[in-house]
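What follows is a short report on a single structure.
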Amino acid sequence: MIELQISLEALPGKDEKLEKIFDTVFAPAISIQKGFKSVSLLKQSNTMHGYQIQLRFDTEEQRLAWVASDEHQKAFPKVAELCGAVSWMGFEVAGHTAG
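Residue numbers for the sequence shown follow our numbering, so the first one is 80 and each next one is one higher.
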């Protein structure tokens, strides 16, 4: 399983809009992709505008297919335009327990 963590710094005054775009545009677009497992938007408690998107796919190839998809090309720019900084790190999940 592959996990991507995308760190976002929302522009001042754009937090609420970022959360809405995640719920109404980004999450629906990614959830229809082959191999999609989960996506979450986390708001950092120790910063004013820090967020993190955590997403999981079965394989790296499926994640890359999402990045190349029309849905990604439409959805992710709507998230990124509300942010002053965007960075990411990818991981292969080495262990996992679900409750």
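For each residue, glycine too, the CB sits at the ideal point set by N, CA and C.
Cβ contact annotation for residue 108 (same chain, cutoff 6 Å, sequence separation greater than five): 150, 154, in chain order. The three-state secondary structure of residue 83, taken from DSSP, is strand. Relative to residue 146, the option among 163, 178, 100, 110 whose CA is nearest is 110. Of all alpha-carbon atoms in 174, 167, 80, 103, the one lying nearest the alpha-carbon of residue 117 is that of 80.
With 16 or more other CB atoms across the displayed protein chains lying within 10 angstroms of its CB, residue 112 is buried. Counting only the Cα atoms, residue 178 lies some 26 Å from residue 98.
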